[in-house]
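Notes to accompany the following structure.
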Amino acid sequence: MWAGRFAKALDSKADDFNSSIRFDCKMYRHDITGSIAHAQMLAKQGIISAEDCEKITDGLAGILDDIDNGKLEFDMSCEDVHMFVEAELTKRIGDAGKRLHTERSRNDQVALDIRMYLRDRTQEIIELLKILVADIADKAEENKAVIVPGYTHLQRAQPITFGHHIMAYAMMLLRDISRLEDAVRRMNYSPIGCCALAGTTYNTDRRFEADALGFDGLMLNSIDGVSDRDFCLELMSAYSIIMMHLSRFSEEIILWSSWEFKFVELDDSYTTGSSIMPQKKNSDMAELVRGKTGRVYGNLLALLTTLKGLPLAYNKDMQEDKEAIFDSIETVQMCLEIFAPMIRTMKVKADNMYRAAQEGFINATDLADYLTKKGMPFRAAYKIVGQIVAECIDKKCVLDNLPLDAYKAHSDMFEADLFEEISLETCVNKRISEGGTSVSSVEKQIAYVREELKK
Ligand code: ARG
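Residue numbers (this note's numbering): 561 to 1015.
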């Protein structure tokens, strides 16, 4: 391509080192779509002839078709996808092909391609997130009255419903969707026409190209237009947060699947056995989702580090953006595709959850509230209930079967109605505060989430 300036060819190892076609070939569709809009703009502005424009657009459409249909393979000796498409076009249509790169640089071209590619891929991730959120809402609906211990510090804390617990993840993932939408909104400005870095002397129409390619506006500083990879970082941090959510959920599923908890059982199709221990059923999918979170974080850190010392404008270091972000997208996509059916087919062991909720004094707060509602200051009630819990531990009983006499020895405010007040069902269903754990509140959460998914 630059033979004019150079006396010899690139060393073959250096050539491999420099080349990005093996990964940026993924953007071929966006590269070709961008080039078609570019040719049309050049023709409209009288920079190339209508005849050349027609040859270019037909030629590019043919290349796209041929790649789609497997008739054309990428030539790995080309430096990148942009060079490949241009060389192939020139091979097919001759000199007109050499006019396509007028008033354009690979610097604005690659910035354009990644934006368009990420816009599409992010939409796919959003669709997968929506499926997962809908599946969680369905699971929550089935289990909206299933009582389970809620934990803090992984110690049994207060009774909640399983539906309520998993709806927490639905809320997190909804925010993830909106984070991705925000990032795409900020990213959707066209860099094409920024050229190498300084803009162009041609009578260009950047807005025409931006409109044709579905952008909301233009990058308004040409140096920024070719130097900016903030959008990659924003998306990668949104992907990292998604993975962090999936990883926390995975961790709980792994715990719940253990013999220690026995709260859920994953379907055979999402678990594996052991090569030596015949009894084993391992939650490998959930473990892998948890494990893959590391590489998505790593990709974000890698690109942040790559960019931090770069002078303006384009530097070849920036070619490192693609493998990092492509890997993050592919990882998130795989994880979401596995996660949704794993949740859908997961069996909830309501009896075991209930049994666990009966131990651990998780209705102690409600017992303190019982006294408080009768007029005792909360701190005083808290102390008495602490003493009662200690007594129960001593007598190896629970609050529900300690006799009324024993209660009265601590306070004469206790009456027989306390047992009804501290039943697990009451504890759960009296928590009707907005966002609380009662069945009616969980129903509202489910309805809200389903409404959001329609938007
Ligand atoms: N393959 C390059 C990249 O991904 C395309 C831009 C090359 N620009 C240049 N001036 N060498 O960043």
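Where is the CB? At the ideal position from N, CA and C, for every residue including glycine.
- With the rule of 3 Cβ pairs closer than 8 angstroms, the stretch 796 to 812 does not count as touching the stretch 756 to 763.
- Nearest neighbour of G606 by Cα position, chosen from A563, A621, R582, E663, turns out to be E663.
- For T865, the secondary structure class from DSSP, reduced to helix, strand or coil, is helix.
- DSSP places P901 in the uninterrupted alpha helix (DSSP H) bounded by 880 to 904.
- In the assembly as shown, E648 is a buried residue. Its beta-carbon has 16 or more other beta-carbons within 10 Å.
- Under DSSP, the beta-bridge partners assigned to G777 are Y749.
- Between the beta-carbon of V824 and that of K907 there is about 6 angstroms, and that keeps the pair under the 8 angstroms contact cut.
- Between the alpha carbons of S817 and D844 lies a distance of about 11 angstroms.
- The stretch 654 to 668 and the stretch 603 to 621 touch, with three or more beta-carbon pairs separated by less than 8 angstroms.
- Residue pairing for E825: DSSP places it in a beta bridge opposite K907.
- According to DSSP, residue pairing for V708 in a beta bridge involves I720.
- Between the stretch 919 to 932 and the stretch 890 to 906, the count of Cβ pairs shorter than 8 angstroms is below three; the stretches do not touch.
- Collapsing the DSSP output to three states places Q715 in a strand.
- Shown here for D827: same chain residues with a beta carbon closer than 6 angstroms to its own, the five before and five after excluded, namely T905 in chain order.
- When distances are taken from the beta-carbon of N859 to the heavy atoms of the ligand ARG, even the shortest one reaches 7 angstroms or more.
- Rounded to the nearest whole angstrom, the C-alpha separation of H642 and L624 is 13 angstroms.
- Short note on V849: C-beta not closer than 7 angstroms to any heavy atom of the ligand ARG.
- Annotation: N961 to L931 spans about 18 angstroms, alpha carbon to alpha carbon.
- Taking one beta carbon from each stretch, the stretch 716 to 732 and the stretch 774 to 783 have fewer than 3 pairs nearer than 8 angstroms; the two do not touch.
- In this structure, the CA atom of D929 is about 19 angstroms from the CA atom of P963.
- For D881, the closest of C792, K909, R766 by C-alpha to C-alpha distance is C792.
- Not a single heavy atom of the ligand ARG lies less than 7 angstroms from the C-beta of V645.
- Counting along the chain, H590 sits inside the alpha helix (DSSP H) bounded by residues 588 to 604.
- With a threshold of 16 other beta carbon atoms within 10 Å, K1015 falls short and is exposed.
- At least one heavy atom of the ligand ARG lies closer than 7 angstroms to the C-beta of M878.
- Counting the other Cβ atoms within 10 Å of the Cβ of H713 gives fewer than 16, which makes it exposed.
- For I1006, the enclosing alpha helix (DSSP H) has its first and last residue at 999 to 1014.
- Per the coordinates, the alpha-carbon of I813 lies some 43 angstroms from the alpha-carbon of F577.
- In this structure, I944 places its C-beta atom within 8 angstroms of the C-beta atom of H970.
- Contact between A671 and V786 is confirmed by a C-beta separation of about 6 angstroms, below the 8 angstroms threshold.
- For W816, the enclosing alpha helix (DSSP H) covers residues 790 to 816.
- Residues of the same chain with a CB within less than 6 angstroms of the CB of A910, apart from the 5 flanking positions on each side, are V706 in chain order.
- Counting C-beta atoms within 10 angstroms of its own C-beta, A574 has fewer than 16 neighbours from the protein chains shown and is therefore classed as exposed.
- Residue burial annotation: P709 is buried, with at least 16 other C-beta atoms found within 10 angstroms of its C-beta.
- The nearest non-hydrogen atom of the ligand ARG is 7 angstroms or more from the C-beta of Y677.
- Taking 8 angstroms as the upper bound for CB-CB distance, I696 and I903 are in contact here, some 6 angstroms apart.
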